Amino acid sequence: MEGFQLQFFISVCIILLGYFLKRVKILKESDGQTIARIVFNITLPALVIVTFDQMEISLSLISLIIISLLFGTAAAIIGIFAFRSAEPDIKGMAAMMVPGVNVGLFAFPLVEAIWGREGIQHFGMFDVGNAVIVFGICFFIAGYFAKGTSKVYLREAFSPLIRSIPFLTYIFVVVLNFSGFHLPDLFLDTAAIISVANMPLSLLLLGLYLNFSFEKSWFPLIGKYLVVKYGSGLALGFSLFWLLSDYPMLANTVLIGFILPASTTTVVYAIRYKYNTKIVGTLVNITIIVSFVLIWLLVSFVAYH
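The letter at position 167 of the sequence shown is residue 650 when you use our numbering, and the numbering goes up by one with no holes.
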């Protein structure tokens, strides 16, 4: 437990460092786009490759893909139902932010610090299903309510998925694992060195994107969104946590995975479909803070049970 508290403190320090560097104008928030590309296209794939190379894929790991898909679908239904009486633009904006979560950028650095490679393996499989939710269902919701029509093109919805380097890396390493083929040691050693940068860069990026300015008129929407997102996540998470108590890491993944922050991809969807990007960005930022605190509390809870 003391080790986790130290890692939590270090993580907070790196996030605050990123925020401080932005405030003193050494780095700009726009620099985060470059760092994000490095994380998603280089350091995160390297971490996945190193972690999954020697992994023994079990039924419990595969089940995480299905669990993630089912959770995302259930969360989407809950989100649409909860905001059913809102105006279409509010309904689409809020509902699209309920199902998908931020695994690669937010969860991986914390999971790596708490559970090491075993944690990355479990959350990596969870993220396979989550990627389908983010690029499929979230995109569908955003487009449906923005256009006011049910006409949605599947090719347009899933094209970002098949171009996602982290997602393709998951598929690549899983296929290699099943085939029994292992990458050359030189390649793995190089990837291992690169992967070390994933945690600090990801946490630094979170600090760069932190923004605490928002209008008071947004309070009702923010409050309702947080209740819907975290209420459903905690309820479903604890239900499965007790059901999966015989599989501790599987139970931990579900419990934490269901309360991760909203996917940053929703900001892209907000821009595309002309939703209020300031509100969407604010909600993403708030979920980062809320999820960070909740993870600390839930991991402390898990440690004593």
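Virtual Cβ for every residue (Gly too), placed ideally from N, Cα, C. A quick note: this is a predicted structure, and the numbers were derived from the prediction, not measured.
- In the DSSP assignment, what residue or residues form a beta bridge with VAL789? Given a span of 484 to 788 for the chain in the structure shown, any question on residue 789 remains unanswerable.
- Buried or exposed: which applies to GLU512, given that a residue is buried once 16 or more other Cβ atoms fall within 10 Å of its Cβ? exposed
- Buried or exposed: where does ILE762 fall if 16 or more other Cβ atoms within 10 Å of its Cβ makes it buried? buried
- Message: I need the boundaries of the alpha helix (DSSP H) containing LEU530, first residue and last residue.
- Response: 527–536
- Given a threshold of 16 other Cβ atoms within 10 Å of its Cβ, counted over all protein chains shown, does GLY612 qualify as buried or as exposed? buried
- Task: Return the residue from the list ILE597, HIS605, ASP729 that minimises the CA-CA distance to GLU539.
- Result: HIS605
- Query: Can you give the beta carbon distance from THR526 to ILE677, rounded, assuming they're within the 8 Å contact cut?
  - Reply: 6 Å
- Message: In this structure, how does DSSP classify ALA674 when only helix, strand and coil are distinguished?
- Response: helix
- On the three-state DSSP scale, how would you describe HIS665? coil
- Where does SER494 land, buried or exposed, given buried means 16+ other C-beta within 10 angstroms? buried
- Within 10 angstroms of its Cβ, does ALA565 collect 16 or more other Cβ (buried), or is it exposed? buried
- Just the Cα atoms here: how many angstroms apart are ILE497 and PHE655? 31 Å
- Message: Taking 9 Å as the threshold (C-beta atoms), are TYR708 and ASN768 in contact?
- Response: no
- How many angstroms separate the CA atom of SER685 from the CA atom of ASP514? 13 Å
- Query: Nearest to VAL657 by CA position, among VAL531, ILE509, VAL522, ASP672, is which residue?
  - Reply: VAL531
- Message: At the level of alpha carbons, what is the spacing between SER543 and LEU733?
- Response: 7 Å
- Selection from LEU688, LEU743, PHE650, SER783 that minimises the alpha carbon distance to GLY714: LEU743
- Query: Run through DSSP, which three-state label would GLU601 get?
  - Reply: helix
- Any 3 or more C-beta pairs closer than 8 Å across the stretch 580–589 and the stretch 735–750: yes
- Anticipated Cβ contact below 8 Å, ILE624 with ALA559, distance rounded: 6 Å
- Continuous alpha helix (DSSP H) stretch holding VAL776: start and end: 760–786
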